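For what it's worth, the working numbering labels the leading residue of the sequence shown as 2, then goes sequentially.
Comments concern the structure below.
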Amino acid sequence: MKRLPPIPRGVWILGFVSLLMDVSSEMIHSLLPLYLTVGLGASALAVGMIEGVAEATALVVKVFSGTLSDRLRKRKWITAFGYGVAAFSKPLFAIATGPWLVFAARFLDRIGKGIRGAPRDALIADLTPDAIRGAAFGLRQSLDTVGAFAGPLIAMALMLAWNDDFRAVFWVAVVPAALSFMLIAFAVKEPASPSLSPTVQQETVRLDRATLTKLGPAFWGVAAAGAALTLARFSEAFLILRGQNLHLELAYAPMVLVVMNVVYSLTSYPVGRLADRIGPRRLLVAGIACLVAADIVLALAPSLAVFALGIVLWGLHMGLTQGLLAAMVAHASPAPLRGTAFGVFNLVSGLAMLVASAAAGALWQFVGPAATFWAGAGLAALSFAITRFIARD
């Protein structure tokens with residue numbers, strides 16, 4: 002069997018950059034709804050508005066930052082600027098005395114995420130040989146997800162140790178955010194730009210119809226497969242609500258995301274390695290099957306033990322799909338337009354997530370919790386067909 006090259010040092014560093022920022026962000030975000038409502042007296046409507054506006058802004062910014070990185074043919078400093086904006090936002094949560102400063106901080110944090118997402122993924126693709134793209138994106142996703150479950154655990158421990166002192170926890174969260182920015186600024190090296198034809202060198206990349214056409218049918222096939230899958234996968238907030246519906250104690254609600262993210266983290270890298278050897282499509286189909294199974298289990302769950310099985314299957318589905326889709330975008334898109342490709346892919350998937358979560362909320366309220374998961378299972382089953390005929394190895 003042919004020996005694959007090692008994952009480049011820059012990809013490892015970017016993985017730890019993501020890990021540190023996720024630790025910081027999740028320490029804050031896991032407590033933010035309670036901080037707003039209990040600590041600052043905000044309404045549930047205010048919480049919803051803050052989250053909705055922040056996430057929508059991040060979606061739009063992703064497209065433009067990706068195109069800008071293609072135009073400048075420099076990705077590191079745009080990525081670093083995004084991490085810097087997010088790091089700057091963290092102290093604002095700690096000093097906030099009302100919802101408006103929290104809104105500003107959350108807005109800045111999501112802008113930072115929007116700025117860094119597409120150029121970072123394009124930078125990983127630029128750093129990595131084709132033969133190990135799956136492993137590279139799987140590794141970054143695994144390290145990122147370690148931060149996603151470590152952050153809430155640290156926050157829970159500090160809240161217990163410091164008698165529910167929100168502000169003290171938020172000040173601690175500033176440290177990993179600052180380290181994340183310093184790590185990308187000083188330890189990541191921009192790879193040499195690929196040699197381009199004189200015609201391509203003279204072109205200015207714009208976010209217009211002509212550029213979107215140049216992304217090509219292979220990219221749009223992957224984008225369609227990703228959107229179809231995302232329509233079947235609504236916000237993880239509904240997993241927590243399902244746990245509460247089954248009488249999960251409020252103190253243990255964050256453990257739902259911890260369990261999911263542990264499974265997600267443990268599977269992303271091995272799945273990426275395997276995809277480099279056998280191709281991504283079969284693994285993507287396996288991931289969809291896990292999502293169908295998770296939805297069915299969560300719809301029927303009579304107890305917390307069965308509910309926990311559904312959460313494990315949900316995490317397995319994430320590990321089998323998210324890193325693979327990123328690697329497929331990198332493989333399907335032209336090298337000079339990778340930043341734009343990742344930005345467009347993230348926008349399409351993000352809009353699908355907003356639609357899916359809104360529909361899930363409506364079903365939950367007007368029909369019942371089980372209906373939400375039955376609908377997810379049905380949409381996931383339909384996404385089999387799109388993945389079979391569009392997303393090819």
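Beta carbons are placed, not taken as given, at the ideal position from N, Cα and C, and that holds for glycine.
No experiment lies behind these values; they were computed from the predicted model shown.
Annotation for Ile79: the continuous alpha helix (DSSP H) segment containing it runs 77-96. Here Ile133 has Leu5, Pro6, Ile8, Asp277 as same chain residues with Cβ atoms under 7 Å from its own Cβ, once five neighbours each way along the sequence are excluded. Under the DSSP assignment, Asp127 falls in the alpha helix (DSSP H) whose first and last residues are 100-128. Of the candidates Arg107, Val349, Arg74, Arg107 places its Cα closest to the Cα of Leu37. Between the C-alpha atoms of Leu232 and Ala378 there is a straight-line separation of about 11 Å.
Between Gly135 and Ser19, the C-beta gap is not smaller than 8 Å, which leaves the two residues out of contact. Gly85 is the residue among Asn164, Thr129, Gly85, Leu124 whose C-alpha sits nearest the C-alpha of Phe182. For Ile29, the three-state secondary structure derived from DSSP is helix. Here Asp209 is exposed: its Cβ has fewer than 16 other Cβ atoms, across all protein chains shown, within 10 Å. With contact defined as three or more Cβ pairs closer than 8 Å, the segment 363-373 and the segment 232-247 are in contact.
Annotation note: the segment 297-349 contains the following uninterrupted alpha helix (DSSP H) runs of length 4 or greater, listed N- to C-terminal: 305-333. For Leu140, the three-state secondary structure derived from DSSP is helix. The way I'd put it, the segment 162-175 does touch the segment 90-97; three or more beta-carbon pairs between them come closer than 8 Å. Under a 10 Å Cβ-count criterion, Trp101 is classified as exposed, with fewer than 16 other Cβ atoms of the shown protein chains found around its own Cβ. Inclusion of Val259 and Phe150 in the CB contact set at 8 Å is warranted, their separation being smaller than that value.
Annotation for Leu326: Gly227 place their beta carbon closer than 6 Å to its own, counting only its chain and skipping 5 residues before and after. The beta carbon of Leu230 lies closer than 7 Å to those of Ile289, Thr322, Ser384 in the same chain, with the five residues before and after it left out. Residue state for Leu41 is assigned as coil, using DSSP reduced to three classes. For Asn262, the uninterrupted alpha helix (DSSP H) segment begins and ends at 255-279. Nearest in C-alpha terms to Ala295, of all of Met261, Leu275, Pro281, is Met261. Secondary structure of Asn246 (DSSP, three-state): helix.
With at least 16 other beta carbons inside 10 angstroms of its own, Thr129 counts as buried. For Lys215, the three-state secondary structure derived from DSSP is helix.
When the Cα atoms are used, Ala309 and Leu154 turn out to be separated by approximately 18 Å. DSSP places Ile241 in the helix class (H, G or I) of the three-state scheme. Pro255 places its beta carbon less than 8 Å from that of Met157. Of the candidates Arg117, Leu184, Arg76, Ser269, Arg117 places its Cα closest to the Cα of Gly83. If the five residues before and after Leu338 are omitted, its C-beta is found closer than 8 Å to the C-beta atoms of Asp71, Val206, Thr212, Lys215, Leu216, all from its own chain and listed in chain order.
When Glu191, Leu159, Trp78, Ile185 are compared, the shortest CA-CA separation from Ser31 is found for Leu159. In this structure, Gly99 places its C-beta atom within 8 Å of the C-beta atom of Leu41. Ala186 and Leu73 have their C-alpha atoms roughly 18 Å apart. With a 10 Å radius around the Cβ and a threshold of 16 neighbouring Cβ atoms, Pro120 comes out buried. Asp209 sits in coil when the DSSP states are folded into three classes, being neither helix nor strand. In this model, Val272 and Gly320 are separated by some 7 Å (Cα to Cα).
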